[in-house]
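Only one structure is covered here, and it is reproduced in the block below.
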Amino acid sequence: MHSLEDVQIGDNIGPEPLFLSKDRVRAYCNAAGLAGVPRFTDDELARKEGLPGMITPGNMSAALVGKLVTDWAQPMNGRLVRLGTTYRSPVLPEHHLTLQGFVTQVDHGERTAELDIWIENEDGDRLVTATATVKFPPKA
Amino acid sequence: MATILDLHSHSEASEDSRAPVEAYLNWIRLRRQERPVDGIVLTEHRQFNRDGDYRALEDKFGIMILKATEAETDYGHMLVFGVNEDILHRFDFANVRIPAQELIDEVARMGGVVVPCHPGRPTVGLCEHYASRPPLQNVVAVELLNGGSRRGEDERTAELVAKYGYRATGGSDSHLVSLIGVCATRFEADIRDIEGLVRELKSGRYEPVDFRAPRKAVPRAIPEQTA
Chain A
26 MHSLEDVQIG DNIGPEPLFL SKDRVRAYCN AAGLAGVPRF TDDELARKEG
76 LPGMITPGNM SAALVGKLVT DWAQPMNGRL VRLGTTYRSP VLPEHHLTLQ
126 GFVTQVDHGE RTAELDIWIE NEDGDRLVTA TATVKFPPKA
Chain B
5 MATILDLHSH SEASEDSRAP VEAYLNWIRL RRQERPVDGI VLTEHRQFNR
55 DGDYRALEDK FGIMILKATE AETDYGHMLV FGVNEDILHR FDFANVRIPA
105 QELIDEVARM GGVVVPCHPG RPTVGLCEHY ASRPPLQNVV AVELLNGGSR
155 RGEDERTAEL VAKYGYRATG GSDSHLVSLI GVCATRFEAD IRDIEGLVRE
205 LKSGRYEPVD FRAPRKAVPR AIPEQTA
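As you go down the protein sequences, you meet chains A and B in turn.
One point on numbering: in this note's numbering, the residue at position 52 of the first sequence is 77, and numbering is uninterrupted.
One point on numbering: in this note's numbering, the residue at position 23 of the second sequence is 27, and numbering is uninterrupted.
Put into structure tokens, the structure is as follows:
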């Protein structure tokens with residue numbers, strides 16, 4: 026696809042398989058200033074908080090969803106201008122996840138597309154759901 | 005003629021949804037082969053969207069739009085169908101601890117019907133409350149199929165239905181455009197308005213239907229390649 030004119034309601038975004046290792050989550054926490062938050066870095070301390078183990082920070086999940094959107098939009102010179110996320114269940118590291126979604130609305134006047142995106146686990150449970158708005162350049 | 009309705013959906017009138025009603029209808033039109041619903045019921049959280057007027061959209065798309073409420077009670081979340089002035093005067097839907105038994109009995113007395121939704125969901129579902137408190141009386145039906153359920157939740161509801169003999173409905177609980185109509189309820193009768201829906205919910209002549217597509221296999225990411 027090259028431009029908004031090629032985008033249609035119902036187009037798939039992804040699916041993109043993803044395996045989040047604990048080391049990768051810890052690396053994110055180090056970079057994001059979250060290394061001191063045990064629920065994101067340490068299984069045992071996370072369990073003491075009532076969690077099943079260390080969990081992925083919400084900001085990291087949002088970043089992964091955002092990257093799926095920008096990877097889709099960038100070849101068309103589209104820009105992610107809004108991302109809204111809902112955290113339904115903890116995203117646990119060491120699981121096989123899938124990021125995917127759909128184009129749900131296209132506005133040729135505003136040059137925007139609305140997307141539904143989610144992260145699901147091996148059982149098909151949607152752990153994080155999101156909507157995003159992508160803005161496209163004026164028609165050439 | 006049978007009628008298939010998605011009995012549980014949230015538009016942008018609910019604070020946790022950004023789905024415009026028109027986008028829902030567009031999506032249904034796009035996916036009608038897979039999700040042949042005749043209409044949707046907007047069940048906004050903790051409110052009845054009295055001012056929402058969707059008649060022009062109904063005409064444009066040929067899809068029925070009815071309005072109801074998802075109320076929060078001391079036994080979890082419940083869909084309230086047939087909301088009228090008497091019910092609005094009697095209950096403050098912004099209250100998140102509405103007494104469930106009062107809601108069921110009073111709504112029935114005033115011409116509506118209450119259907120507990122996602123009963124198998126932790127904290128906000130009927131099953132968890134039944135584990136520690138007496139069962140509610142006069143429950144007509146519960147939502148057996150919920151499009152937002154996680155693994156095990158609908159199965160827990162199936163056990164509840166079997167134990168108490170409740171009738172069963174289905175709804176998508178959609179907060180995203182692309183999920184509208186994934187679960188619904190097939191009524192034997194022709195339904196054209198909210199009064200007809202309430203009448204049929206009380207009649208028991210319906211069943212939940214599941215339009216979720218089988219999950220497509222996605223190749224698994226290899227950990228070393230995702231760093």
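By construction, the Cβ of each residue, glycine as well, lies at the ideal position given by its N, Cα and C atoms.
Partner residues on chain B for G35/A, Cβ-Cβ distance less than 7 Å: Within the first sequence, numbered from 1, the residue matching residue 35/A stands at position 10. Within chain B, the residues whose beta carbon sits less than 7 Å from that of G35/A are L34, listed in sequence order.
If you reduce the DSSP assignment to three classes, tell me which class L76/A lands in. Looking up residue 76/A in the first sequence gives position 51. Residue state, collapsed to three classes: coil.
Helix, strand or coil, according to DSSP, for V165/B in the structure here? For the purposes of this step, residue 165/B is identified with residue 161 of the second sequence, where counting begins at 1. Residue state, collapsed to three classes: helix.
Residue(s) in a DSSP beta bridge with S178/B: For this step, residue 178/B is matched to residue 174 along the second sequence. According to DSSP, S178/B bridges with S13/B.
Answer with yes or no whether the minimum CB distance from H121/A to chain B is below 8 Å. The count along the first sequence starts at 1 and reaches residue 121/A at position 96. Yes, its Cβ sits closer than 8 Å to a Cβ of chain B.
So, helix, strand or coil for K71/B, using DSSP? Numbered from 1 along the second sequence, position 67 holds the residue referred to as residue 71/B. Under the three-state reduction of DSSP, K71/B is assigned to strand.
According to DSSP, is I8/B part of a helix, a strand, or is it coil? For the purposes of this step, residue 8/B is taken as residue 4 along the second sequence, with counting starting at 1. In the structure shown, I8/B sits in a strand (DSSP, three-state: E or B).
Do the region 101 to 112 of chain A and the region 57 to 73 of chain A meet, that is, are 3 or more Cβ pairs less than 8 Å apart? Using a Cβ-Cβ distance cut-off of 8 Å, the region 101 to 112 of chain A and the region 57 to 73 of chain A are not in contact, since fewer than three pairs of beta carbons, one from each stretch, lie closer than that value.
Whole-angstrom distance between L117/A and V146/B, CA atom to CA atom: Along the second sequence, one-based indexing puts residue 146/B at 142. Along the first sequence, one-based indexing puts residue 117/A at 92. Their backbone Cα atoms lie some 31 Å apart in a straight line.
If you reduce the DSSP assignment to three classes, tell me which class T110/A lands in. For the purposes of this step, residue 110/A is taken as residue 85 along the first sequence, with counting starting at 1. Strand at T110/A.
Could you check whether the Cβ of T137/A sits closer than 8 Å to any Cβ belonging to chain B? Within the first sequence, numbered from 1, the residue matching residue 137/A stands at position 112. No, T137/A does not count as interfacial toward chain B.
Run down chain B in chain order and give the residues with a C-beta less than 8 Å from the C-beta of T154/A. Numbered from its first residue, the first sequence carries residue 154/A at position 129. What T154/A touches in chain B: H179, L180.
Nearest to Q105/B by alpha carbon, out of P138/B, H93/B, E159/B, L92/B? The residue given as residue 105/B occupies position 101 in the second sequence. Of the candidates P138/B, H93/B, E159/B, L92/B, the one whose C-alpha sits nearest the C-alpha of Q105/B is P138/B.
Between the CA atoms of D96/A and T230/B - distance to the nearest angstrom: Residue numbering aside, residue 230/B sits at position 226 when the second sequence is read from its first letter. Residue numbering aside, residue 96/A sits at position 71 when the first sequence is read from its first letter. Note on T230/B: pLDDT 46, under 50, position unreliable in the model; the coordinate value appears next. Cα to Cα, the separation comes out at about 15 Å.
Cut-off 7 Å between Cβ atoms - residues of its own chain near I82/B, not counting five sequence neighbours on either side: As a first step, residue 82/B is located in the second sequence; it is residue number 78 there, counting from the start. Before going on, a small fix: residue 82/B reads as Met here, not Ile. Setting aside the 5 residues that flank it on each side, M82/B is surrounded in the same chain by A75, A104, L107, V118, V119, P120, C121, each with a C-beta closer than 7 Å to its C-beta; the list follows chain order.
Proximal chain B residues relative to G166/A, where beta-carbon distance stays under 7 Å: Since the displayed chain A opens at 26 and closes at 165, residue 166/A lies outside it and no answer follows.
Check K160/A in the structure and name its three-state DSSP category. In the first sequence, the residue the question calls residue 160/A occupies position 135. Annotated three-state conformation of K160/A is strand, per DSSP.
Please classify M26/A: does DSSP put it in a helix, a strand, or coil? Start at 1 with the first residue of the first sequence, and residue 26/A comes out as number 1. It is coil, neither helix nor strand.
Beta carbon proximity, R219/B to chain A, threshold 8 Å: On the second sequence, residue 219/B is found 215 positions in, with the first residue counted as 1. Closer than 8 Å to some Cβ of chain A, the Cβ of R219/B qualifies, so yes.
For chain B, check one thing: does any of its Cβ atoms lie closer than 8 Å to the Cβ of F65/A? Numbered from 1 along the first sequence, position 40 holds the residue referred to as residue 65/A. Not an interface residue.
Using Cβ-Cβ distances below 7 Å, what residues of the region 93 to 127 of chain A are close to chain B? For the region 93 to 127 of chain A, which is checked against every Cβ of chain B, the residues closer than 7 Å are G109, T111, S114, H121, T123, F127.
Assuming E48/B contacts H14/B (C-beta within less than 8 Å), just tell me the rounded distance between them. To locate residue 48/B, count along the second sequence from 1; it is residue 44. To locate residue 14/B, count along the second sequence from 1; it is residue 10. About 6 Å; that satisfies the 8 Å criterion.
Do K160/A and T129/A come within 8 Å of each other at the CB atom, strictly closer than that value? In the first sequence, counting from the first residue as 1, residue 129/A sits at position 104. In the first sequence, counting from the first residue as 1, residue 160/A sits at position 135. No, the Cβ-Cβ distance between T129/A and K160/A is not below 8 Å.
Counting only C-beta atoms, is D68/A closer than 8 Å to chain B at any point? The residue labelled residue 68/A in the question sits at position 43 within the first sequence. Not one chain B Cβ lies under 8 Å of D68/A.
Members of the region 20 to 47 of chain B that neighbour chain A once the beta carbon cut-off is set at 7 Å: Per Cβ criterion, the list reads D20, R22, A27, N30, W31, L34.
Could you check the C-alpha separation between R209/B and D48/A for me, to the nearest Å? Locating residue 209/B in the second sequence gives position 205, where the first residue counts as 1. Locating residue 48/A in the first sequence gives position 23, where the first residue counts as 1. In this structure, the CA atom of R209/B is about 54 Å from the CA atom of D48/A.
Would you kindly report the start and end of the unbroken alpha helix (DSSP H) that includes M82/B? One-based indexing of the second sequence puts residue 82/B at position 78. Per DSSP, M82/B belongs to no alpha helix (DSSP H); it is in the beta strand (DSSP E), 80 to 85.
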